[in-house]
Amino acid sequence: MRVAFVGKGGSGKTTLSALFSRHLARSGAPVVAIDCDINQHLAYALGLDEDELFTAPPLSARTGEIKDYLRGTNPRIPSRDAMVKTTPPGRGSRLLRLLGDDEIHGHHVQEVGGVPLMVTGAFDESDLGVACYHSKLGAVELYLNHLVDDPGEYVVVDMTAGADAFASGLFTRFDMTFLVVEPTRKSLSVYRQYRDHAAEFGIPVAVVGNKVTGEDDLAFLRGHVGVDLIVHCEQSSYVRAQEQGRDGHGELEPHNTRALDRLRAAVDARTKDWAAFQKHAVDFHLRNAAAWANEATGQDLATQVDPDFRHGPAALTAFA
């Protein structure tokens, strides 16, 4: 199951992405975390020391090689140059299993704090003034498009801040989106934006209240968010100690641990809808093809859609 954490910058979505990923990993569940934020901090939230480097190559550094691998023998995709971030899989494409024996997981996963992690990569000097951050996210979208994950397997993605995630079709690639909301008016404005955009495409969104300090904060959230609020996390001295690099300060508070349990239960309650997933992939591919990709590649990318392809576990053997 694919899980995204979104929210206003500073709301705590990276911290919650890390806490949730570690919570899953410690239970023995298969999990991969992906840092898709322009501020690449998830590795440090998972426990990487500030003076350490994340040494696995970022996904954005090998987008061409990732395209070559995923297109496989799909006759609708003659080259990496013909493949764009929204290109959906078809017969002949290579499909992925979570943490499978493939070159994408093999090259790009590094374990941090007990959690297998992949990163998109940060801006560098060559990007400044000539590229938007969404150009870094294409490899992640392709990875999720070609992944066949089962119930009880988890991909946890720390997304870009605010409603910026709607600048690409990546927001449709998840089974559950947790919108992290602080008890502030600014945070609520992002909630309303995300709620309205997600509803337009039938994307499930649940609100996680964060940094709640008392009943007034909780009443504020309930009054503005209503039934979308499924759980809240209290201000955490454990998290603050971790953020300050002070190890050995106990465990996460019982209330916040129970909140993580409830998040997992909400994800597990979702039913995987492969037909809807593939429909969104095709719809956004056609939208991108018409908007820019046909002109960029000099091809009609609508022909990349394989009408006979059915995504999901059966495709692993049907189109092998």
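Residue numbers (full-length UniProt numbering): 1 to 320. Every residue gets a Cβ at the ideal spot worked out from N, C-alpha and C, and that includes glycine. Predicted model only: the values in this text are computed from it and were never measured.
Backbone secondary structure at residue i - three-state DSSP
{"i": "E251", "result": "coil"}
{"i": "H224", "result": "helix"}
{"i": "C132", "result": "With a pLDDT of only 49 at C132, under 50, the local geometry of the prediction cannot be trusted, and the value read off the model is given with reservation. In the structure shown, C132 sits in coil (DSSP, three-state: anything other than H, G, I, E or B)."}
{"i": "E65", "result": "helix"}
{"i": "D300", "result": "coil"}
{"i": "V140", "result": "helix"}
{"i": "V115", "result": "strand"}
{"i": "D102", "result": "coil"}
{"i": "A291", "result": "helix"}
{"i": "A265", "result": "helix"}
{"i": "R258", "result": "helix"}
{"i": "L53", "result": "coil"}
{"i": "L96", "result": "strand"}
{"i": "D306", "result": "coil"}
Residue interval of the beta strand (DSSP E) (run including residue i)
{"i": "R2", "result": "2 to 7"}
{"i": "L229", "result": "229 to 234"}
{"i": "Q242", "result": "Counting along the chain, Q242 falls outside any beta strand (DSSP E), though it belongs to the alpha helix (DSSP H) covering 237 to 243."}
{"i": "residue 348", "result": "Nothing about residue 348 can be reported from this structure: the residues present for the chain run from 1 to 320 only."}
Residue environment, residue i, which counts as buried when at least 16 other CB atoms sit within 10 Å
{"i": "A25", "result": "buried"}
{"i": "K186", "result": "exposed"}
{"i": "R258", "result": "exposed"}
{"i": "V130", "result": "Model confidence at V130 stands at a pLDDT of 41, short of 50, so the residue's coordinates are unreliable and nothing is read from them."}
{"i": "T86", "result": "buried"}
{"i": "E243", "result": "exposed"}
{"i": "E251", "result": "exposed"}
{"i": "S21", "result": "buried"}
{"i": "H255", "result": "exposed"}
{"i": "D217", "result": "buried"}
{"i": "T213", "result": "exposed"}
{"i": "G223", "result": "exposed"}
{"i": "G100", "result": "exposed"}
{"i": "K8", "result": "buried"}
{"i": "A296", "result": "exposed"}
{"i": "R192", "result": "exposed"}
{"i": "G12", "result": "buried"}
{"i": "L128", "result": "Because the pLDDT at L128 is just 46, under 50, the model does not fix this residue reliably, and the value given afterwards should be weighed accordingly. The residue is exposed, with fewer than 16 neighbouring Cβ atoms inside 10 Å."}
{"i": "C132", "result": "Because the pLDDT at C132 is just 49, under 50, the model does not fix this residue reliably, and the point stays unresolved."}
{"i": "G121", "result": "buried"}
{"i": "D51", "result": "exposed"}
{"i": "P116", "result": "buried"}
{"i": "T14", "result": "buried"}
{"i": "L53", "result": "exposed"}
{"i": "residue 322", "result": "This structure cannot speak to residue 322, because the chain is shown only from 1 to 320."}
{"i": "R246", "result": "exposed"}
{"i": "residue 321", "result": "Nothing can be reported for residue 321: it is not among the residues displayed for the chain, which extend from 1 to 320."}
{"i": "R2", "result": "buried"}
Start-to-end residues for the alpha helix (DSSP H) that takes in residue i
{"i": "L19", "result": "13 to 26"}
{"i": "A276", "result": "274 to 288"}
{"i": "A82", "result": "It is not in any alpha helix (DSSP H) - A82 carries neither H nor E in the DSSP assignment."}
{"i": "L46", "result": "42 to 46"}
Cβ-heavy atom distance, residue i to the ligand ADP, below 6 Å
{"i": "S21", "result": "This structure lacks the ligand ADP, and indeed carries no ligand of any kind."}
Discussion item. As an exercise, report each continuous beta strand (DSSP E) stretch of at least 3 residues that is fully enclosed by the segment 142 to 222, in chain order.
Written reply: Given a length threshold of 3 residues, each whole run of the beta strand (DSSP E) inside the segment 142 to 222 is given here in chain order: 154 to 158, 176 to 181, 205 to 212.
Worksheet item: With contact counted as at least three CB pairs below 8 Å, one residue from each stretch, are the segment 150 to 159 and the segment 61 to 72 in contact?
Response: Taking a cut-off of 8 Å for Cβ pairs, the segment 150 to 159 and the segment 61 to 72 do not touch, as fewer than three such pairs fall below it.
Worksheet item: Looking at C-beta atoms only, is the number of pairs between the segment 138 to 154 and the segment 166 to 173 that lie closer than 8 Å three or more?
Response: The segment 138 to 154 is in contact with the segment 166 to 173.
Fill in: the segment 283 to 303 touching the segment 260 to 272, judged by at least three CB pairs closer than 8 Å
Not touching, per the Cβ criterion.
Discussion item. Does the structure place the segment 97 to 112 close enough to the segment 36 to 54 that three or more beta carbon pairs sit under 8 Å?
Written reply: Contact between the segment 36 to 54 and the segment 97 to 112 is present, because at least three Cβ pairs lie under 8 Å.
Discussion item. I'd like to know if the segment 308 to 316 and the segment 80 to 97 are in contact, where contact means that at least 3 CB-CB pairs between them fall below 8 Å.
Written reply: Yes, the segment 308 to 316 is in contact with the segment 80 to 97.
Worksheet item: Does the segment 228 to 244 come within contact of the segment 202 to 211, defined as at least 3 CB pairs closer than 8 Å?
Response: Counting C-beta pairs with one atom in each stretch, the segment 228 to 244 and the segment 202 to 211 have three or more that are closer than 8 Å, which means they touch.
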